[in-house]
Every structure is written in structure tokens, then in C-alpha cells.
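Asker: Below you'll find the structure I mean.
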Amino acid sequence: MLKRKIVLLLSLLILATSLWAQETKMVTIERGTFVPLYGAANKKPVEVQAFYLDVYPVSNAQYLAFLQKHPENVRSRMKGIFADKSYLSHWTSDFNYGKGNLSNAPVTNVSWFAAKKYCECQGERLPTMDEWEYVAMADEKRIDARTKESFNKYIMSWYEKPNTYANPVGGTFKNYWGVYDMHGLVWEWTADFNSIFLSGESRKDKDTDKNLFCGSASINATDLMNYAAFMRYAFRGSLKASYTTKNLGFRCAKNK
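In mature numbering (1 follows the signal peptide of the UniProt record, and there is no 0), the protein residues as written are -21 to -1, 1 to 235.
Set out below in C-alpha cells:
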């Protein structure tokens, strides 16, 4: 009888932990406009409608709770077309992220397909590239801090730091919108990551820039000194939806 009660209590604890892990705080990002680094050769502002965004990137604990509810997405059952062989390769097993990985560290080694599925199962979606960049251009006090030398130096210094993906979420600064870890923790998937380098004036032009890592790739940049942002676009341009890497995570968004 006592054994049954212990098992029941443990089951309830696991369930409560699972529900808590999937409760993610979101903040409102108000409508606004900005000129993105790429895709706006005519320098006309892009309008971003109001939406909700996760305060933090998705953590290992939250992703584990997702896998427990949707086991078809575990490592051993994930089809190669949706994720490469590195999918959750740093985890000990399908349902164990291991003692070496913090529960509140961002989940990484997750493909675009898997990230998209996670957000959809929460009734949400991945943020668009414009939405992500719009939020990421803010520092603690300003909506657009891209012209601040100190802000760009902070981002560039992060690019040089190893293994930041192992740190807990929320360890970087809280920006103007109340969002953490846009810089300083991990790179993040966006819904339209593969529509970055555009030829011509249209944001919908499907031609990609073949000189991604050459100097000529910066021809459409609205601010040629914004190398920090340029590196993000270059990184996205190197990805495919099935790719996974240890420094790439994600967070979810939702229409308002």
C-alpha cells in the first residue's frame, strides 16, 4: 500500500513538473517598423505587427516535457529527413538530457522541423526573421540600439565565447521588451530562416545570394558597419531545415 502511494506521488510530481516545464512566459511586442539589414535595398521600413514572444529560449526541461507528450519526436524515432544525426546527440537517451546538461539550459541540437513542431504543439509558432530581428535590435532601454558601438561590441564578444549554450536561460540582459537571451546564449531558429539573402527590391524574391561569405554579400546591407547582424544572416544562410548544432536553439511566438 505504501509502495503504491509512493509511486502515485512520484507520478503526480512528474506530471506537475512536466506541466510547469511547458508553461512559458510570453511578453507583448508592440507593432512597429524598422529597416532590416537585408532584403530592403530600397531602405523602406518593414512593418512588424504586434505579437507575443517567449521571454526565454526553450529549455531542456521544457523540451523533455514535450517529448514525453509527443514521443514520436524522440531521438531514436526521429526520421532523417526531419533532423540529422546530431539531433539531441548531447542527451544521454531519448528521455534523459543527462547530468551534464542543466534543466534550465537552452535545448540545442534541434532541427527547424523539430522546433516548429514544438511550437505548434503549444498552439504557437516560430517567430519570423523580421520579428526576431526587430526584438533583437533592442538593448535594455532602447527599441533600436543597433547604432550603439557598445551594443555591437557586446554581441561580437559573445560570438568569441565558447560553450555559452551550456549556461542557464535568463543569464543575459533583459531588453526593452522584457525579453532575455536574444544575444549571449545561443543562435535561434526563425520560421523563414532560409529566405535571407534577396536579390532586387522584393522581400519575396526567392533568389539566394551565391556569394554568402564573400565581401560582395554585403551589397544589400542597410548598415555596412553592423557586422554583428551580418554574421547572424550569414549563419542562417548556411542552414538547412534538418540541420542541428550545439549552439542553435529556439523560442516560440504567437499572433496577437
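Where is the CB? At the ideal position from N, CA and C, for every residue including glycine. Just so we're clear, the structure is a prediction, and the values are computed from it rather than from any experiment.
On a Cα-Cα basis, can you pick out the residue from 161, 145, 46, 171 that is closest to residue 69?
Answerer: For this step, residue 69 is matched to residue 90 along the sequence shown. Residue 69 has its Cα closest to that of 145, out of 161, 145, 46, 171.
Asker: Is the beta carbon of residue 157 sitting closer than 9 Å to the one on residue 134?
Answerer: Within the sequence shown, residue 157 is the residue found at index 178, counting from 1. Within the sequence shown, residue 134 is the residue found at index 155, counting from 1. For residue 157 and residue 134, no; Cβs fall outside 9 Å.
Asker: Do residue 103 and residue 27 come within 9 Å of each other at the CB atom, strictly closer than that value?
Answerer: Numbered from 1 along the sequence shown, position 48 holds the residue referred to as residue 27. Numbered from 1 along the sequence shown, position 124 holds the residue referred to as residue 103. Contact: no.
Asker: Tell me residue 227's beta-bridge partners as DSSP assigns them.
Answerer: Numbered from its first residue, the sequence shown carries residue 227 at position 248. Bridge partners of residue 227: 166.
Asker: Is residue 104 helix, strand or coil when you go by DSSP?
Answerer: Here residue 104 corresponds to residue number 125 of the sequence shown, with the count starting at 1. Here residue 104 sits in strand by DSSP.
Asker: Tell me, please, which residues DSSP counts as bridged to residue 12.
Answerer: As a position in the sequence shown, residue 12 is number 33, starting the count at 1. Paired residues: 26.
Asker: Look at the Cβ atom of residue 224, then the Cβ atom of residue 65, and state whether they are nearer than 9 Å.
Answerer: For this step, residue 224 is matched to residue 245 along the sequence shown. For this step, residue 65 is matched to residue 86 along the sequence shown. Yes; because the gap between Cβ atoms is below 9 Å, this pair is in contact.
Asker: Starting from residue 83, follow the beta strand (DSSP E) in both directions and report where the run begins and ends.
Answerer: Taking the first residue of the sequence shown as 1, we reach residue 83 at position 104. Element bounds for residue 83: n/a, residue is neither H nor E.
Asker: Which full runs of the alpha helix (DSSP H) of 4+ residues lie inside the segment 142 to 166, going along the chain?
Answerer: With a minimum length of 4 residues, no continuous alpha helix (DSSP H) run stays inside the segment 142 to 166.
Asker: Hey, how far is the Cα of residue 73 from the Cα of residue 39?
Answerer: Position 94 of the sequence shown holds residue 73. Position 60 of the sequence shown holds residue 39. Those two C-alpha atoms are separated by around 12 Å.
Asker: Am I right that residue 45 and residue 90 are in contact with their C-beta atoms under 8 Å? What's the rounded C-beta distance?
Answerer: For this step, residue 45 is matched to residue 66 along the sequence shown. For this step, residue 90 is matched to residue 111 along the sequence shown. That pair is no contact at about 14 Å.
Asker: Just to confirm before moving on: does the CB-CB distance between residue 168 and residue 105 stay below 9 Å?
Answerer: For the purposes of this step, residue 168 is identified with residue 189 of the sequence shown, where counting begins at 1. For the purposes of this step, residue 105 is identified with residue 126 of the sequence shown, where counting begins at 1. Taking 9 Å as the Cβ cut-off, residue 168 and residue 105 qualify as a contacting pair.
Asker: Using the C-alpha atoms, what's the distance from residue 138 back to residue 131?
Answerer: Translated into positions along the sequence shown, residue 131 becomes position 152. Translated into positions along the sequence shown, residue 138 becomes position 159. One C-alpha to the other measures close to 11 Å.
Asker: Using the Cβ count rule (16 or more neighbours within 10 Å means buried), how would you classify residue 36?
Answerer: Taking the first residue of the sequence shown as position 1, residue 36 is located at position 57. It counts as buried.
Asker: Within the continuous beta strand (DSSP E) that includes residue 213, where are the two ends?
Answerer: On the sequence shown, position 234 is the one that residue 213 refers to. Premise fails: residue 213 lies in the alpha helix (DSSP H), 206 to 216, not in any beta strand (DSSP E).
Asker: Of the residues 88, 154, 23, 9, which one's Cα is nearest the Cα of residue 222?
Answerer: Sequence index remark: in the sequence shown, residue 222 carries index 243 (1-based). Closest by alpha carbon: 88.
Asker: State the Cα-Cα distance for the pair residue 153 and residue 31, rounded to the nearest angstrom.
Answerer: For this step, residue 153 is matched to residue 174 along the sequence shown. For this step, residue 31 is matched to residue 52 along the sequence shown. Answer to the nearest angstrom: the Cα atoms are 16 Å apart.
Asker: By the three-class DSSP mapping on this structure, what secondary structure does residue 233 have?
Answerer: By 1-based counting over the sequence shown, the position of residue 233 is 254. Note: residue 233 maps to strand in three-state DSSP.
Asker: Using alpha carbons as the reference points, say which of 84, 173, 141, 8 lies closest to residue 42.
Answerer: Locating residue 42 in the sequence shown gives position 63, where the first residue counts as 1. Of 84, 173, 141, 8, the residue nearest in Cα terms is 84.
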